[in-house]
Amino acid sequence: MKRTVLSGAVLVLLALVLPSCGGGGSIRVSITDGRLEITTLQLQSGCVGKTYNVQLTAIGGAQPYTWSIVLGNLPAGLTLNATSGALTGTPTQVGTFSFTVQVKDSSLLQQGNSLESLSIEVAPPPLVIIPSSLPVGAFGQTYNFQLQASGGVPPYTWMIIDGALPSNLALDPSTGLISGTAAMMGTFSFTVQVTDSSASQNSAQLIVAGGPSGAERPRPFALPREPEAVTPLPLEPRR
Numbered sequence: 001m002k003r004t005v006l007s008g009a010v011l012v013l014l015a016l017v018l019p020s021c022g023g024g025g026s027i028r029v030s031i032t033d034g035r036l037e038i039t040t041l042q043l044q045s046g047c048v049g050k051t052y053n054v055q056l057t058a059i060g061g062a063q064p065y066t067w068s069i070v071l072g073n074l075p076a077g078l079t080l081n082a083t084s085g086a087l088t089g090t091p092t093q094v095g096t097f098s099f100t101v102q103v104k105d106s107s108l109l110q111q112g113n114s115l116e117s118l119s120i121e122v123a124p125p126p127l128v129i130i131p132s133s134l135p136v137g138a139f140g141q142t143y144n145f146q147l148q149a150s151g152g153v154p155p156y157t158w159m160i161i162d163g164a165l166p167s168n169l170a171l172d173p174s175t176g177l178i179s180g181t182a183a184m185m186g187t188f189s190f191t192v193q194v195t196d197s198s199a200s201q202n203s204a205q206l207i208v209a210g211g212p213s214g215a216e217r218p219r220p221f222a223l224p225r226e227p228e229a230v231t232p233l234p235l236e237p238r239r
């Protein structure tokens, strides 16, 4: 970190990095001569679709402070509270965003002014696989099911890393489609992994069951009918 003092102002260059959701932060504890100084060193990480709330802090000068963006733009979905210095919102765009934030105190003196050059990298949401269960297939019948993922950075690549699909079923690595004609009956457990274009990975254990086709299911049968009662004819007397 470089600090340059110009005409009584404090210029602090910081990097605000958000490589993934969550994370910690830190502040600088300083003994100053009363001039306005930024104390925030590093801000917590965040990602698209997750609530973000970071408090910019300063010491020295005469409170209250006034915060503003004087150059560049915050990531879409984030705003800076001019009174409190809180950086809040829900990021909606992945990327790196550079801007300069200014804090002024109420003294109206030249040394009551501090600038920070910040660079925010907003990460994509976590990569997850949906759904957690697959439909039942039928022996000898065509089977098609589309695996889906959300988050990360598309496109995705799919692969089975443990277990196996039923015979004659296959997973398309580029689309995530499981298709084929089931040639075995039973329950099959396997683990599928998805990888996005930034090399993030996630996996899930899935189960597909195969049963008999409709033509092979037991057919209903009728109970045998009881024999009809026969009334004996009277015998004619012998002559």
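Counting with my numbering, you get residues 1 to 239 for the letters of the sequence shown.
Every residue gets a Cβ at the ideal spot worked out from N, C-alpha and C, and that includes glycine.
Predicted, not measured: the structure shown is a model, and the values here were computed from it.
What number of angstroms, rounded off, separates the C-alpha of S133 from the C-alpha of T187?
-> Translated into positions along the sequence shown, residue 133 becomes position 133. Translated into positions along the sequence shown, residue 187 becomes position 187. Annotation: S133 to T187 spans about 12 angstroms, alpha carbon to alpha carbon.
Inter-residue Cα distance where the pair is S26 and G85 = The count along the sequence shown starts at 1 and reaches residue 26 at position 26. The count along the sequence shown starts at 1 and reaches residue 85 at position 85. Residue placement at S26 is flagged as unreliable, the pLDDT there being 43, under the threshold of 50; the coordinate-derived value follows with that caveat. Pairing S26 with G85, the inter-Cα distance amounts to about 16 angstroms.
Rounded to whole angstroms, what's the CA-CA distance from A183 to V136? Just pull it up for me.
-> If you number the sequence shown from 1, residue 183 lands on position 183. If you number the sequence shown from 1, residue 136 lands on position 136. Taking the straight line joining both Cα atoms gives about 13 angstroms.
Give the DSSP bridge partners of Y65, in chain order.
-> Translated into positions along the sequence shown, residue 65 becomes position 65. DSSP, once it has assigned bridges, lists no residue as partnering Y65.
Using a C-beta cutoff of 9 angstroms, does G137 count as contacting chain D?
-> Although the question refers to chain D, the structure presented lacks it and comprises just one protein chain.
In whole angstroms, what is the alpha-carbon distance linking K104 and L206?
-> Walking along the sequence shown from the start, residue 104 turns up at place 104. Walking along the sequence shown from the start, residue 206 turns up at place 206. If I take the Cα positions, the gap works out to 57 angstroms.
Among N81, T157, L74, which has the Cα closest to the Cα of T175?
-> Taking the sequence shown and counting its residues from 1, the one referred to as residue 175 is at position 175. Nearest in C-alpha terms to T175, of all of N81, T157, L74, is T157.
So who's on the other strand from Y52, going by DSSP bridges?
-> On the sequence shown, position 52 is the one that residue 52 refers to. Under DSSP, Y52 shares a beta bridge with G89.
So which of L165, L108, T191 has the shortest CA-CA distance to T181?
-> Counting from 1 along the sequence shown, the entry for residue 181 is found at position 181. Ranking L165, L108, T191 by CA distance to the CA of T181 puts L165 first.
Count the other CB atoms, across all protein chains shown, that sit within 10 Å of the CB of S107; report buried if there are 16 or more and exposed otherwise.
-> Position 107 of the sequence shown holds residue 107. Answer is exposed; the Cβ neighbour count stays below 16.
Compute the Euclidean distance between the alpha carbons of F99 and P173, then round it to the nearest angstrom.
-> Along the sequence shown, one-based indexing puts residue 99 at 99. Along the sequence shown, one-based indexing puts residue 173 at 173. So the alpha carbons of these two residues sit roughly 40 angstroms apart.
For Y143, the three-state DSSP class (helix, strand or coil) | As a first step, residue 143 is located in the sequence shown; it is residue number 143 there, counting from the start. Y143: strand per DSSP, three-state reduction.
Span separating the alpha-carbon of Y65 from that of Y52 | Along the sequence shown, read from residue 1 onward, the residue named residue 65 stands at position 65. Along the sequence shown, read from residue 1 onward, the residue named residue 52 stands at position 52. Rounded to the nearest angstrom, the two C-alpha atoms are 22 angstroms apart.
Rounded straight-line distance, which links the Cα of F139 to that of S45 | The residue given as residue 45 occupies position 45 in the sequence shown. The residue given as residue 139 occupies position 139 in the sequence shown. So the two alpha carbons sit approximately 49 angstroms from each other.
By the 10 Å Cβ neighbour count, where 16 or more other Cβ atoms means buried, how is S189 classified, buried or exposed?
-> Your numbering for residue 189 matches position 189 in the sequence shown. Answer is exposed; the Cβ neighbour count stays below 16.
Could you tell me which residues DSSP pairs with A209 in its beta bridges?
-> Position 209 of the sequence shown, counted from the first residue, corresponds to residue 209. DSSP, once it has assigned bridges, lists T187 as partnering A209.
Nearest to T191 (by Cα), restricted to the options E121, Q201, I161 = If you number the sequence shown from 1, residue 191 lands on position 191. Taking only the C-alpha atoms, the option nearest T191 is I161.
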